[in-house]
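Working notes, structure below.
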Amino acid sequence: MSEYKGFHFKRFDFSKCLDTKIDLIDLINNTVGEALKKQPEKVRWIFDTMVQYIDELNACRDYPEKIVYRHFTFAPEMVYAIEGISFVPEALTFIMPTEYLCALVDEGRAMDMPDHWCGFLGGVLAPLLAGRLPKPKAVLHCNQPCDNSVAQGSVLAESFPDVEIFYLDNPYTDDEGDVQFAMDQLREGFKYLERMLGKKLDLDRFREVMSLSAQAYRLMYEINEYKKAIPCPIPTSVILRATSGAFYGLTGTERLLRWLEKHRDDAKQRYEKGIGGWREEKMRLVWNLSWPVFDYGVYDWMEEAFGAIAVAYHASEPFYQPPDIDYSKASYEELLRALALRNNNHAMGRQGRGHLMTFVNDTLKWCKEFRADAVVFAGHWQCEANWAAAQLTKEKLMEELGIPMLIMTVDQLDPRVVSAEQMVSRLEPFLEMVAEKKAQGG
Amino acid sequence: MTALQELLALGDDNPNAAVEQWASAGRKVLGYWCSYIPPEIIYAAGFLPYRVRGSGARGTEKADRDMTPVCNCSFPRAVLDLAYRGQYGFLDGIVGMNGCDHSRRAFELWVERLRPPYHHFVYVPRTRKEVSLNEYVRELDKFKVSIERHFRLTIGPEALQGAVDLFNDNRSLLKKVQELFRQDRPPLTGTERHRIINASVAIPPERLNALLRALLEELKFVEGQRDFKTRIMIVGWVGDDTLLHRMIEDSRGLVVMDNCCFGARAYWNPVVLDPGDALGSLARSYLGRTGCPRMFATFDERYGMLMQGVKDYRVDGIVRTRLQFCDLHGVENVFIHKRKDQAGVPMSAPIVLDYVGQDEGRVRTRMEAFIEQLQH
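Residue numbers (numbering that gives the first Met the number 0), protein chains in the order written: chain L, 0 to 441; chain R, 0 to 375.
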């Protein structure tokens, strides 16, 4: 552990030459999987979304004929509806040990991968091109949220030349024509999945999945109502991030619903007792864009040193409003429409695919809803589209809400770009200023 | 003044004398961002389509406030910087699209910050699925209607067909200029060709056709290039800037072909016109051409064009390049690297550049080393 004013952050050892050719699913089972099993019973439920993801990884081995590669902003409901196994290659980078991720990034760079590529997508370039990941039966890819996703679509084509890929053109606006455009493509997408997996879509199963998805979103909105309370009753340093993972990967499953119910009950209980998370809340932040997956200790430090609680996360806030229909009787067209809206409003995707004012206005909305005192724009150093919205967001926040915003660079996964200590050194003066402003009644 | 001299001057100046002449006659000029926005539609409205470029930018300080040099490409930053400084004040409107994240955001910032009198965004799909093609037709129709409504005019089918023919003539003549580089001693340098391409997106198309015809006549009597040792192809360069070409040619390489956006790809494929369906023809041709890596899974087409270019223009070496922070050409470098043994000619390691040329010394050294290596 490394120390900053008495607070300890993770230390990494990049001096070792790691074998990147090892089976990544084994690696994750043996490291993260084992660590999760050792969590105390009381908090183990919090990590169930990660366990579910690992279970799906393992299922790929048992049912290779069902593997559907899916981009992380492509709604998983589509895969669950056809009873495929959803495999998100880039999600591997999120849960593997940091040193391995960095070694894989370096391996990609040795193949001439641009060094500015983020670890999230860059970490799987080499295993994909080298054929070290399970071969898909079908691939669902899309162009949101960024150019890197487009580039990754080409990497998939290069990696699996004999597998036809379905590319979704995410629309730019939310007007009716663009919803129809998404629906028309998803209709084609189901035909593609039927052809690739050799099975027909069961309408009842589609209904069930979209119903589970709608219930998950409704629960999320309910949980968000609790988040608006002061103090925020949810221990933000763990659960909010787990929620993010859940909505990227598991909507449309029964298991996610059970997890969200526990999450909601936990929030409700705390709310009714008038208690916050693990530490006293002194200021409320909206955390925009990326967070340091390699060391969540940054949040512990923020809470410990400043009582600064991140009550909303850009990457996990819901925007999809499930249509108010009877899912058990819904027509195929109604379900497709729900799926199109779900896809168009995918966290991150929505802000990335659309006009830059979507990013600005969404941030303003969160600040108002969650009564934020400040915003931290932790810009992943490759999120070009979002970076180009940062300054305008900062100006609008100050003009319209009198809220300050810190703009800083991070790499979500690679501490060699910006370490936890560097982040803290940027956050500290900003949070001091916010605390001072609050003390003066601002 | 010779046709060559005139074309070079028109390509270098931003804006140029041709635009000033056009505008002084009370005619409108619409700026557009990327090669997937058909200038034919703008021209059919009676306006001059002017592709916005970074030529003339000496820095990007004003744009850097909105688009950070931490991760935003210096080419759109340079264009935006010129806009913020008022250099594009002669435009009557600006048209953007989702070419890449950088240029899309630069367009949006232009609109948000400067509130131009007219602006429009054309959504261009990244696939050629039938549904996506239909969407692109719908988008082009929206674009046409947007111009008609804003400027209170009608774009008739004859005007559109006429514009398609005119721009196809541009492409065909530019291709003839390109063909000159098959010669042992081409009558132009690669830098000059690039400057002509710059002119081709910034002057009235009839004038371009007249100048290109005159140029092709002129060049019949020009002594070919002697002062070069190797024949080079550039891959991955995006901008209009000629610095890279100059550095290669200063090192006694001759740029005989490219596989670039401001380059051969811009004029390689004509619009195949179905007279009864001009918008559909534009959509099919623009989406179907060998284009930009913004299109999903189209690398093989560009690689095929690259390999054909190596053969047809007897290329000795390929300079792989990209602008700093370009994801799309960045990943192409990976694929080209993977095929390096198939190419049959040496290729440089990726040369990563900033548009405004701050990297000149470093890149020049690498260029010199690569060209020297080709000679041994």
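Idealized CB from N, CA, C, for every residue including glycine.
All of these numbers come straight from a predicted model, not from anything done at the bench.
- The C-alpha of R/G252 is placed about 21 angstroms away from the C-alpha of R/D353.
- For L/W286, the enclosing beta strand (DSSP E) stretches over residues M282 to L288.
- Within the region 263-317 of chain L, the complete beta strand (DSSP E) segments at least 3 residues long are 282-288 and 307-312, listed from N- to C-terminus.
- Closest option to R/P116, judged by alpha-carbon separation, among R/V94, R/P48 and R/T126: R/V94.
- Residue-level contact by beta carbon holds for L/N142 and chain R, with a gap shorter than 8 angstroms.
- R/S280 and R/D168 have their C-alpha atoms roughly 16 angstroms apart.
- Minimum Cα-Cα distance from R/I41 among the listed residues R/S250, R/R103 and R/I202 corresponds to R/I202.
- For L/L139, the closest Cβ of chain R is not nearer than 8 angstroms.
- Collapsing the DSSP output to three states places L/C141 in a strand.
- In terms of Cβ geometry, L/V162 and L/P135 form a close pair [threshold 8 angstroms].
- By the C-beta density criterion, L/S14 is exposed, having fewer than 16 other C-beta atoms within 10 angstroms.
- Distance from the CA of L/L185 to the CA of L/E280, rounded to the nearest whole angstrom, comes to 44 angstroms.
- Shown here, R/H118 sits in a strand according to DSSP, grouped into three states.
- Spatial neighbours of L/R206 in its own chain (CB-CB distance under 7 angstroms, excluding positions within 5 residues in sequence) are listed in chain order as Y326, S327, A329 and L334.
- Near chain R, meaning a CB-to-CB distance below 9 angstroms, the residues of the region 170-198 of chain L are P170, Y171, T172, G176, D177, F180, D183, Q184, R186 and E187.
- Scanning chain L for C-beta atoms nearer than 7 angstroms to the C-beta of R/N332 yields D111, reported in chain order.
- Within the region 29-63 of chain R, no residue has its Cβ closer than 7 angstroms to any Cβ of chain L.
- Around R/R293, the beta-carbon contacts reaching into chain L at under 7 angstroms are V149.
- If you keep only unbroken alpha helix (DSSP H) runs of at least 4 residues inside the region 100-142 of chain L, you get 118-121 and 124-128.
- Secondary structure at L/P170: coil, using DSSP grouped into helix, strand and coil.
- Here L/Y62 is exposed, its C-beta having fewer than 16 other C-beta atoms within 10 Å.
- Per DSSP, the continuous beta strand (DSSP E) segment holding R/I317 begins and ends at G316 to L322.
- For R/R50, the enclosing beta strand (DSSP E) stretches over residues L47 to R50.
- In this structure, the beta-carbon distance from L/D168 to R/T126 falls below 8 angstroms.
- Per DSSP, the unbroken alpha helix (DSSP H) holding R/D326 starts and ends at D326 to K337.
- The alpha-carbon of R/P68 is positioned some 43 angstroms away from that of R/D276.
- If you keep only unbroken alpha helix (DSSP H) runs of at least 4 residues inside the region 80-149 of chain R, you get 100-113.
- Per DSSP, the unbroken beta strand (DSSP E) holding R/V28 starts and ends at V28 to Y31.
- Contacts between L/D146 and chain R, judged by CB atoms closer than 7 angstroms, involve C99, D100, D326 and L327 in chain order.
- According to DSSP, residue pairing for L/L405 in a beta bridge involves L/V375.
- Straight-line spacing of the CA atoms in R/L243 and R/V163 works out to 32 angstroms.
- In the displayed model, R/T229 falls within a strand according to three-state DSSP.
- Taking L/K437 as the centre and dropping the five residues before and after it, the same chain places the C-beta of K281, M282 and D372 closer than 8 angstroms to its C-beta, in chain order.
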